[in-house]
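Novice:
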Amino acid sequence: MNNYLIGDSTTFNSKRHVSVSTDEASPTTTYNDDLHTHGSPLAATESTANTNANASPLSKYNDSSHGKSARKIAHTRSYHDHDHEHDAAPPHSPPPPPPEPYSNCYFKKGDPALKKARNLYLKIYFSGLFLVILTIFAVFPIYWGSLWKIPAHPLQGWIVDFDGGNVGQTIVRSLTSGTGRIIKWEIVPSARFPGGVVDVIREVEDNLAWVAVTINEGTSLRLEAASAVPDPGYNGSQAITAYGVEARNENAYRVFIRPYVQTSLDAIQFNFATQYATRLASSSGIANLLATSPQTVVSPVSYTIVNLIPFSQPVASAVVFVGLIYLLILSFFVVMIAYNARQVSGLNNLLNLRAIVTVRLLSSCVGYFFLSLFYSLLNLAFNLDLTKKYGHAGFMIFWMLNWIGMLAVGLALESLITLFTPQYIPFFMILWIIANVSVCVFPIQILPRIYHYGYAAPFYNISSSTRSIAFGTKNTLGLNFGVLFAWVLVSCLTLPAIQWFVRRRERRAGVARAAAAPPGPEPGLEAGFGSGVREKEGA
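In case it helps, the numbering used here puts the sequence shown at residues 4 to 542.
Okay, structure coming up:
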């Protein structure tokens with residue numbers, strides 16, 4: 004009876020791979036071993052009977068019982084196998100083998116995997132190429148437009164007549180009779196400058212005017228005296244002095260201011276000399292004058308151009324213009340390095356919102372702090388003099404300026420990379436570079452009014468403060484640092500907002516994917532014979 008129970012139990016648990024074991028000498032063990040050896044319950048029973056032919060009657064009785072049990076097991080398993088043959092899913096064709104790497108030609112035919120890869124490549128390549136073409140026509144015109152029709156507005160120039168005589172009035176009329184396309188002359192009364200020319204110089208250095216032309220005091224009296232009594236030491240260039248500041252914007256000074264002033268004063272000098280020579284032609288003392296002081300006749304009035312603050316350090320071109328592009332590119336490198344580090348480490352998915360925002364901000368601040376130091380030291384290595392205006396503190400100011408400048412341009416990229424992803428952030432970087440560079444080549448005053456956004460651009464403010472440190476131009480550090488800090492603050496506010504927005508979008512997308520997924524069996528359960536549902540193996 005027990006043998007039949009064991010046989011039934013074995014039949015019931017055959018699907019679950021549960022084997023029943025007893026003592027080694029029991030007939031049941033013999034049955035199980037033969038069952039695994041011959042693969043059939045009937046064969047196992049016959050083998051057991053042959054093996055125990057000389058056994059005792061009790062053993063024969065047990066063998067007979069095992070024979071009946073084996074036939075019952077065979078019938079039961081045959082039923083199970085027949086049932087599972089009807090329930091099993093139709094067999095699937097095996098997937099095609101993966102293509103062998105490095106073995107195909109690009110235009111090979113008959114390979115569906117290669118065709119799919121080729122179509123995907125062309126789709127991605129040409130869509131990216133289209134975006135680059137779109138960038139050329141949408142972003143590059145910002146820079147080209149800043150150079151196209153300049154000056155769109157004239158620069159401000161002063162005329163100060165300290166002479167008050169015939170020479171001064173003639174020069175004022177001649178200068179103001181021009182079109183004023185490049186420099187718009189304003190007549191400023193000499194009473195505004197009680198200190199004389201010194202006060203004019205100070206205000207030009209304070210960026211109140213791009214150029215100032217002074218007709219020096221006593222010019223008319225000296226010319227009349229030299230005409231009456233020939234003076235061999237007469238110098239007509241003392242009559243007019245033009246003051247400008249090259250370091251304020253070397254491009255504007257070299258391309259517009261100096262050439263225009265020089266051309267205008269050359270014309271005045273020639274016209275005045277012609278008129279003066281005509282007047283002296285009927286004078287009885289003309290021969291004596293030509294013999295003693297010919298310069299009085301040839302050049303009665305001339306000029307001197309004084310460059311108050313020259314752009315005397317060519318290496319400074321790197322830090323006031325091209326180097327600013329390098330700063331932004333370095334900031335972009337830090338953004339990409341930090342992004343990849345977060346992705347590889349898994350911090351994006353492990354940290355909460357406050358933690359990930361803190362990590363991103365601190366990483367940027369620390370990274371830019373040291374990069375700006377090394378960038379500043381590089382300029383010292385090439386003998387950039389930073390002590391012109393602020394002494395030895397100039398280097399620290401220069402370092403902090405570069406640090407805050409990198410934060411201003413870099414945190415904007417750090418904020419937007421979450422939204423644009425590394426795939427599209429380079430397109431914004433191009434826009435960011437060109438929008439900043441366009442307002443640094445020439446003065447904003449001569450650009451179209453649309454470029455007046457440049458007063459708030461990071462590059463413009465970094466360049467302005469760098470000129471003050473390296474050359475001694477007007478101190479605008481407070482204003483420039485304030486604008487840069489404002490950019491940093493804006494980025495500190497937008498970074499967590501964008502991070503929160505993207506995370507919410509990802510959560511909603513995950514919920515939508517889960518809702519759209521087809522329903523499956525409950526975890527840990529699967530269909531079974533007889534009872535409908537039973538536990539998975541090993542669950």
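Glycine included, each C-beta is placed from N, C-alpha and C at the ideal position.
Hey, out of PRO313, VAL337 and LEU434, whose CA is closest to ALA255's CA?
Specialist: PRO313
Novice: Can you tell me whether GLU189 is helix, strand or coil according to DSSP?
Specialist: strand
Novice: Rounded to whole angstroms, what is the Cα-Cα separation between TYR463 and ILE186?
Specialist: 22 Å
Novice: Could you tell me whether the region 265-276 touches the region 324-341, using the rule of 3 or more Cβ pairs below 8 Å?
Specialist: no
Novice: Which term fits GLN316, buried or exposed, when burial requires 16 or more other beta carbons within 10 angstroms of its beta carbon?
Specialist: buried
Novice: Alpha helix (DSSP H) containing TYR463: first to last residue?
Specialist: 461-474
Novice: Tell me, to the nearest whole angstrom, how far the beta carbon of ALA250 is from that of PHE474; I am working on the premise that it is less than 8 Å.
Specialist: 4 Å
Novice: I need the DSSP call for THR550, collapsed to helix, strand or coil.
Specialist: Residue 550 is absent from the model: the chain starts at 4 and stops at 542.
Novice: With 16 as the cutoff for other CB atoms within 10 Å, does ASN483 come out buried or exposed?
Specialist: buried
Novice: Looking at the structure shown, is ALA155 part of a helix, part of a strand, or coil, going by DSSP?
Specialist: coil
Novice: Near THR295, which residues of its chain fall below 7 Å by C-beta distance, leaving aside the five closest residues on each side in sequence?
Specialist: PRO233 and PRO235
Novice: Would ASP86 be called buried (16 or more neighbouring beta carbons within 10 Å of its own) or exposed?
Specialist: Its pLDDT being 47, under 50, ASP86 is placed unreliably in this model, and the value from its coordinates should be taken loosely. The residue is exposed, with fewer than 16 neighbouring Cβ atoms inside 10 Å.
Novice: On the DSSP bridge assignment, give the partners of VAL163 in chain order.
Specialist: THR217
Novice: Could you please give the first and the last residue of the uninterrupted alpha helix (DSSP H) stretch that includes ILE289?
Specialist: From DSSP, the alpha helix (DSSP H) with ILE289 extends over 289-295.
Novice: Assuming ALA116 is part of the alpha helix (DSSP H), what are its boundary residues?
Specialist: 115-141
Novice: Identify which residue in TYR237, THR424 and TRP402 has its Cα closest to the Cα of GLN346.
Specialist: Out of TYR237, THR424 and TRP402, THR424 has the C-alpha closest to the C-alpha of GLN346.
Novice: Give me the Cβ distance between THR138 and ILE433, rounded to the nearest whole Å; I'm assuming they're in contact under 8 Å.
Specialist: 6 Å
Novice: Could you tell me the boundaries of the alpha helix (DSSP H) in which ILE243 lies?
Specialist: Element bounds for ILE243: not the alpha helix (DSSP H) but the beta strand (DSSP E), 243-247.
Novice: Helix, strand or coil, according to DSSP, for ILE308 in the structure here?
Specialist: strand
Novice: ARG225 lies in the alpha helix (DSSP H); which residues open and close that run?
Specialist: 222-231
Novice: Report, in whole angstroms, the separation of the C-beta atoms of VAL491 and ALA411, which I expect to be a contact under 8 Å.
Specialist: 6 Å
Novice: Would you kindly report the start and end of the unbroken alpha helix (DSSP H) that includes ASN274?
Specialist: 261-283
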